[in-house]
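Asker: Sequential numbering of the sequence shown, starting at 1, is according to full-length UniProt numbering. The beta carbon of each residue, even a glycine, is placed where N, CA and C say it ideally should be.
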Amino acid sequence: DQTPVTHLCTSRQSGSGQIPSGDHSKTKLPSQKRLSDHHHGTRLKRFFSEANLQKVSATPDCFSKVHMETPRNKVESEDLPVFPSDETSHLTVGVRVRPFNMREQNDFAVVNVVSVDGSKIKMMSESGTTYTFIYDYCFWSCDPEHPQFASQDVIFNTLVQPLIDKAFQGYNACLFAYGQTGSGKSYSMMGLDIDIGNSIGNEVGIIPRFCYELFERIASLEDSDSSTRKSTCNVEISYFEIYNEKIHDLLGGSSDGKRAPLKVREHPVFGPYVVDLSVLGVASYEDVQGWLTVGNSQRATAATGMNEKSSRSHSIFNIILTQTEEEPAERGEFHKHCRRSKINLVDLAGSERLSHTCSSGDRLKEGVSINGSLLSLGKVIAALADNANGKKKNFVPYRDSILTWLLRESLGGNSRTTMLATISPANIHLDETLSTLRYAGQARTIVNRVRVNEDPHDRLIRELRAEVNHLRALREDYEHQMKMGVPRRLLQPDRTDLNDKEREIEILKEQLKHKEEQLRQSEELTKAQKPWTERLEEAVKQKSAELNHLRRCGVALQLDWKQHSPCLVNLAADPSFSGTLLYLLPEGVIHIGRLGATTGDQQPDIALSGPLIQPHHCTVENKDSKLTLIPGSKGETFVNGELAKERIGLQHGDRLVIGGNHYFRVSNPYENDTAATGQPVDYEFAHQEILRIQEERLHADLDEAKRQAVQELEAAKKEAEWQLGFQRMNYEQQLKQIGTALVSRN
1 DQTPVTHLCT SRQSGSGQIP SGDHSKTKLP SQKRLSDHHH GTRLKRFFSE ANLQKVSATP
61 DCFSKVHMET PRNKVESEDL PVFPSDETSH LTVGVRVRPF NMREQNDFAV VNVVSVDGSK
121 IKMMSESGTT YTFIYDYCFW SCDPEHPQFA SQDVIFNTLV QPLIDKAFQG YNACLFAYGQ
181 TGSGKSYSMM GLDIDIGNSI GNEVGIIPRF CYELFERIAS LEDSDSSTRK STCNVEISYF
241 EIYNEKIHDL LGGSSDGKRA PLKVREHPVF GPYVVDLSVL GVASYEDVQG WLTVGNSQRA
301 TAATGMNEKS SRSHSIFNII LTQTEEEPAE RGEFHKHCRR SKINLVDLAG SERLSHTCSS
361 GDRLKEGVSI NGSLLSLGKV IAALADNANG KKKNFVPYRD SILTWLLRES LGGNSRTTML
421 ATISPANIHL DETLSTLRYA GQARTIVNRV RVNEDPHDRL IRELRAEVNH LRALREDYEH
481 QMKMGVPRRL LQPDRTDLND KEREIEILKE QLKHKEEQLR QSEELTKAQK PWTERLEEAV
541 KQKSAELNHL RRCGVALQLD WKQHSPCLVN LAADPSFSGT LLYLLPEGVI HIGRLGATTG
601 DQQPDIALSG PLIQPHHCTV ENKDSKLTLI PGSKGETFVN GELAKERIGL QHGDRLVIGG
661 NHYFRVSNPY ENDTAATGQP VDYEFAHQEI LRIQEERLHA DLDEAKRQAV QELEAAKKEA
721 EWQLGFQRMN YEQQLKQIGT ALVSRN
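1) Please classify residue 738 as buried or exposed, where buried requires at least 16 neighbouring CB atoms within 10 angstroms.
2) List the DSSP bridge partners of residue 249.
3) Are there 16 or more other CB atoms within 10 angstroms of the CB of residue 220, so buried, or fewer, so exposed?
4) Using only the heavy atoms of the ligand SAH, determine whether one of them is closer than 7 Å to the beta carbon of residue 315.
5) Can you tell me which residues form a DSSP beta bridge with residue 112?
6) DSSP state of residue 234, grouped into three classes?
7) Would you tell me roughly how many angstroms separate the C-alpha atoms of residue 263 and residue 249, rounded to the nearest one?
8) Is it buried or exposed for residue 547, if we count other Cβ within 10 angstroms and need 16 for buried?
9) Go ahead and label residue 146 buried or exposed: buried means 16 or more other beta carbons lie within 10 angstroms of its beta carbon, across all protein chains shown.
10) Taking the beta strand (DSSP E) that residue 121 falls in, what are its first and last residues?
11) Give the secondary structure of residue 296 by DSSP, where H, G and I count as helix, E and B as strand, and everything else as coil.
12) Should the stretch 95-102 be regarded as contacting the stretch 422-441, the criterion being three or more beta carbon pairs within less than 8 Å?
13) State the Cα-Cα distance for the pair residue 342 and residue 452, rounded to the nearest angstrom.
14) Restricting to runs no shorter than 3 residues, where is the beta strand (DSSP E) found entirely within the UniProt domain "FHA" (590-644)?
15) Could you check whether residue 632 and residue 614 sit closer than 8 Å to each other, using their CB atoms as the reference points?
16) Would you tell me roughly how many angstroms separate the C-alpha atoms of residue 569 and residue 578, rounded to the nearest one?
17) Which same chain residues, not among the five before or five after residue 649, have their C-beta less than 8 Å away from its C-beta?
18) Check each candidate in 408, 637, 712 and name the one with the smallest Cα separation from residue 272.
19) Count the other C-beta atoms from every protein chain shown that fall within 10 angstroms of the C-beta of residue 144, then say buried if there are 16 or more, exposed otherwise.
20) Can you tell me where the beta strand (DSSP E) holding residue 735 begins and where it ends?
21) Who are the Cβ neighbours of residue 266 in its own chain at under 7 Å, not counting the five residues just before and after it?
22) When you compare the stretch 205-214 with the stretch 280-294, are there three or more beta-carbon pairs, one atom per stretch, that lie closer than 8 Å?
23) For the alpha helix (DSSP H) containing residue 667, list its first residue and its last residue.
24) Less than 8 Å separating the beta-carbons of residue 590 and residue 617?
25) In the DSSP output, what is residue 211 paired with across the bridge?
26) Got a sec, what are the start and stop residues for the alpha helix (DSSP H) residue 178 sits in?
27) DSSP three-state call for residue 748: helix, strand or coil?
28) Could you please give the first and the last residue of the uninterrupted beta strand (DSSP E) stretch that includes residue 280?
29) Identify, in the order they occur along the chain, each residue of the same chain with its Cβ nearer than 6 Å to the Cβ of residue 345, setting aside the five sequence neighbours on each side.
30) In the DSSP output, which residue or residues are listed as bridge partners for residue 448?
31) Do residue 444 and residue 135 have their C-beta atoms closer together than 8 Å?
32) Grab the span of the alpha helix (DSSP H) containing residue 277 for me, first residue to last.
33) Could you please give the first and the last residue of the uninterrupted alpha helix (DSSP H) stretch that includes residue 403?
34) Go ahead and label residue 751 buried or exposed: buried means 16 or more other beta carbons lie within 10 angstroms of its beta carbon, across all protein chains shown.
35) Taking only three categories from DSSP, how would you classify residue 759?
Set out below in structure tokens:
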């Protein structure tokens with residue numbers, strides 16, 4: 001059990017929620033009681049759960065409907081259910097402070113209002129009040145030169161390594177990242193430079209590092225096996241996202257390229273699970289790299305095409321670690337001991353205030369859905385916190401959203417859970433930062449009941465064997481004492497108990513065989529009964545099919561990019577999606593357009609989707625590593641913000657915008673970067689560039705139209721003046737003629 005920590009905050013009735021620095025009032029800690037002294041029960045059946053420069057927006061209005069009470073001390077609740085061999089585990093919370101982005105650096109009105117002192121975070125409000133929060137860990141990632149700077153490696157070793165230790169002990173584990181949009185969640189979870197071979201780079205995030213460390217430990221365990229004790233570890237993964245309360249499989253294949261949303265069901269034994277979700281076996285870190293690249297590419301492709309969906313979705317990467325230890329038993333038999341751990345690595349969507357984003361249509365629906373799921377998560381955390389603080393037992397609304405339903409075991413259930421909250425130190429995000437810190441403080445009070453996930457039959461057999469060995473040791477001791485003069489009657493009861501235990505083991509073995517036969521006949525567990533090698537082969541075939549499908553669309557994955565070749569690198573509004581899609585430009589002519597326009601048309605080499613993408617949109621010619629863009633007769637293509645109307649050369653670092661919503665950066669390793677700007681070439685740079693140049697073009701067009709209108713008016717004026725002069729001259733001549741005629745008559 002963790003020692004309760006006093007939060008430097010006041011209760012809800014005090015008004016402000018936190019106390020200014022300098023107020024050192026202490027909170028009286030309630031006495032703790034061990035639940036195991038008050039609760040006794042029979043053994044229960046085990047249950048499983050299957051299954052950068054963006055403009056930062058504010059926290060959603062919906063959070064005001066959930067009262068985030070000031071965090072209290074960590075206490076154990078007497079109302080929580082107790083299982084035999086259960087342990088209490090408090091939710092671990094770490095807060096990471098991101099550095100200023102370039103927009104904030106260029107704005108002199110933006111100042112830092114957050115400071116980190118050990119496990120304390122202090123924030124200065126505009127009124128001068130200092131708010132102090134205490135968490136398990138606080139990470140300062142603003143300045144690399146700072147002595148307390150927390151890199152990706154520090155975050156991983158501090159927060160994630162303990163979860164890996166518990167996973168190998170047989171516990172479930174979960175880590176989820178929460179914070180406002182653009183606060184660094186995706187960078188912390190996925191990072192950059194994923195594809196670096198057999199090593200880990202400095203910018204790699206939690207998910208790739210977790211998988212790398214997982215297989216490093218598996219290799220170490222296999223090397224340490226002895227002749228009498230062998231262990232095998234099987235790893236399965238799944239990767240999906242939740243968007244508008246719909247689940248999309250990021251690793252599953254589809255013949256028509258469209259992926260129907262999946263549904264969630266409740267299994268009586270295994271708990272909530274996703275129907276038809278791809279659960280794939282992996283044998284190495286390289287396999288995980290391939291699947292991560294496939295999943296991120298699928299996510300980036302869906303986020304760029306049309307307005308069907310954006311990048312703002314919850315993503316869940318799930319790992320199932322199954323450890324089987326084989327050790328010798330009696331009469332030459334071998335006993336298998338199986339432990340199964342489920343790990344959830346969750347990247348939550350960022351919060352946005354709808355009134356600030358001025359969203360409408362699909363974006364409004366998206367924002368409402370995301371805020372709704374985060375609101376449900378807030379309700380669950382608030383209810384669990386109240387239960388843990390010793391208040392009356394509240395109903396926990398897990399089923400209010402798909403996210404909380406699937407994470408039921410991770411929040412208040414059987415899981416070692418860690419929360420990484422990411423915040424911005426800028427004063428312009430003070431309200432959002434304060435909301436995130438209160439959210440994290442509330443989550444820190446949650447108490448989970450964790451236990452080792454081992455097969456109940458294996459556990460019973462192991463316990464009975466331990467009792468048998470204990471009785472045998474007693475028998476040998478009694479026999480020794482009997483020889484020394486101890487009465488023989490002391491030995492008989494132990495022999496009887498020993499025989500009873502041996503009979504119980506035989507009965508249990510028969511029951512185990514019967515249960516295994518029932519499981520084999522179950523449709524839901526048919527796939528799990530397949531040999532591991534067969535499941536690995538199926539996963540390899542499926543990954544090959546997914547890679548081939550992406551290649552047919554012109555996408556070259558990072559792990560396929562072995563040779564130096566010019567390519568188009570995607571730029572996305574979400575920085576975590578930028579650079580995940582590479583479109584190679586080999587020697588020759590590369591056609592770019594919409595896939596499957598008509599059956600008779602030539603299919604494009606690079607297939608894009610979108611309402612403004614034409615079947616034959618444009619062509620790129622690669623001749624001796626020199627790139628030339630040839631625009632099509634229909635559709636607009638912009639190079640460095642300028643509309644391409646004729647053949648134009650492409651240089652390394654140029655920005656290419658096709659169809660209005662597909663942004664690319666030209667990468668040519670045979671040329672030098674011609675961009676002389678200090679700002680990195682990303683989506684924000686390309687987007688602002690095209691807006692600026694098109695605005696200048698519109699102004700120029702308006703000025704030209706105005707000039708032409710003035711010229712036309714002047715020409716019309718001159719024409720009208722000439723006509724009037726001509727008519728006046730005619731009138732004057734007629735008057736002279738009339739005057740002459742009158743004079744002649746007189």
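Answerer: Considering the structure as presented:
1) As a first step, residue 738 must be located in the sequence shown, where it is residue number 738. That one is exposed.
2) Numbered from its first residue, the sequence shown carries residue 249 at position 249. Answer is 240, bridged to residue 249.
3) Numbered from its first residue, the sequence shown carries residue 220 at position 220. Residue 220 comes out exposed.
4) The ligand SAH is absent from the structure shown, which contains no ligand whatsoever.
5) Here residue 112 corresponds to residue number 112 of the sequence shown, with the count starting at 1. Note: residue 112 sits in a beta bridge opposite 426.
6) Residue mapping note: residue 234 aligns to position 234 of the sequence shown, counting from 1. DSSP places residue 234 in strand when its eight states are reduced to three.
7) Taking the sequence shown and counting its residues from 1, the one referred to as residue 263 is at position 263. Taking the sequence shown and counting its residues from 1, the one referred to as residue 249 is at position 249. One C-alpha to the other measures close to 11 Å.
8) The residue labelled residue 547 in the question sits at position 547 within the sequence shown. Label assigned to residue 547: buried.
9) Indexing the sequence shown from 1 puts residue 146 at position 146. So residue 146 ends up on the exposed side.
10) Walking along the sequence shown from the start, residue 121 turns up at place 121. Looking at the DSSP string, the run of the beta strand (DSSP E) that includes residue 121 is 120-124.
11) Within the sequence shown, the letter at position 296 stands for residue 296. In the three-state scheme derived from DSSP, where H, G and I count as helix and E and B as strand, residue 296 is classed as helix.
12) Because the criterion of three Cβ pairs below 8 Å is met, the stretch 95-102 and the stretch 422-441 touch.
13) Counting from one through the sequence shown, the residue named residue 342 turns up at place 342. Counting from one through the sequence shown, the residue named residue 452 turns up at place 452. Rounded to whole angstroms, residue 342 and residue 452 show a C-alpha spacing of 11 Å.
14) Listed in chain order, they are 606-608, 618-623, 626-631, 637-639.
15) Here residue 614 is taken as the residue at index 614 of the sequence shown, counted from 1. Here residue 632 is taken as the residue at index 632 of the sequence shown, counted from 1. Taking 8 Å as the cut-off, the Cβ atoms of residue 614 and residue 632 count as close.
16) Numbered from 1 along the sequence shown, position 569 holds the residue referred to as residue 569. Numbered from 1 along the sequence shown, position 578 holds the residue referred to as residue 578. Their Cα atoms are separated by approximately 8 Å.
17) If you number the sequence shown from 1, residue 649 lands on position 649. Correct list, in chain order: 626, 627, 628, 629.
18) Against the sequence shown, residue 272 aligns to sequence position 272. Ranking the options by Cα distance to residue 272, first place goes to 408.
19) Translated into the one-based positions of the sequence shown, residue 144 becomes position 144. With fewer than 16 other CB atoms across the displayed protein chains lying within 10 angstroms of its CB, residue 144 is exposed.
20) As a position in the sequence shown, residue 735 is number 735, starting the count at 1. No beta strand (DSSP E) contains residue 735, which is instead part of the alpha helix (DSSP H) from 683-745.
21) As a working note, residue 266 is residue 266 in the sequence shown. Contacts found: 272.
22) Taking a cut-off of 8 Å on C-beta distances, the stretch 205-214 touches the stretch 280-294, as three or more cross pairs fall below it.
23) Position 667 of the sequence shown, counted from the first residue, corresponds to residue 667. In this chain, residue 667 is not harboured by any alpha helix (DSSP H); it is covered by the beta strand (DSSP E) spanning 662-667.
24) Numbered from its first residue, the sequence shown carries residue 590 at position 590. Numbered from its first residue, the sequence shown carries residue 617 at position 617. Their beta carbons are not under 8 Å apart, which means residue 590 does not touch residue 617 by this criterion.
25) Taking the sequence shown and counting its residues from 1, the one referred to as residue 211 is at position 211. Answer by DSSP bridge pairing: none, since residue 211 is not bridged.
26) Taking the sequence shown and counting its residues from 1, the one referred to as residue 178 is at position 178. Counting along the chain, residue 178 falls outside any alpha helix (DSSP H), though it belongs to the beta strand (DSSP E) covering 173-179.
27) Any question about residue 748 goes unanswered here, given that the chain covers just 1 to 746.
28) Here residue 280 is taken as the residue at index 280 of the sequence shown, counted from 1. Where residue 280 is concerned, the enclosing beta strand (DSSP E) stretches over 280-282.
29) For the purposes of this step, residue 345 is taken as the residue at position 345 of the sequence shown. These residues qualify, in order along the chain: 175, 207, 317.
30) By one-based count along the sequence shown, residue 448 stands at place 448. Listed as beta-bridge partners of residue 448 by DSSP are 89.
31) As a working mapping, residue 444 is identified with position 444 in the sequence shown. As a working mapping, residue 135 is identified with position 135 in the sequence shown. In this structure, residue 135 lies closer than 8 Å to residue 444 by Cβ.
32) The sequence position of residue 277 within the sequence shown is 277, counting from 1. No alpha helix (DSSP H) contains residue 277, which DSSP labels as neither H nor E.
33) By one-based count along the sequence shown, residue 403 stands at place 403. Its alpha helix (DSSP H) spans residues 402-406.
34) In the structure displayed, the chain extends from 1 to 746; residue 751 sits before or after that span and is not available.
35) Because residue 759 is not part of the residues shown, which for the chain are 1 to 746, the question remains open.
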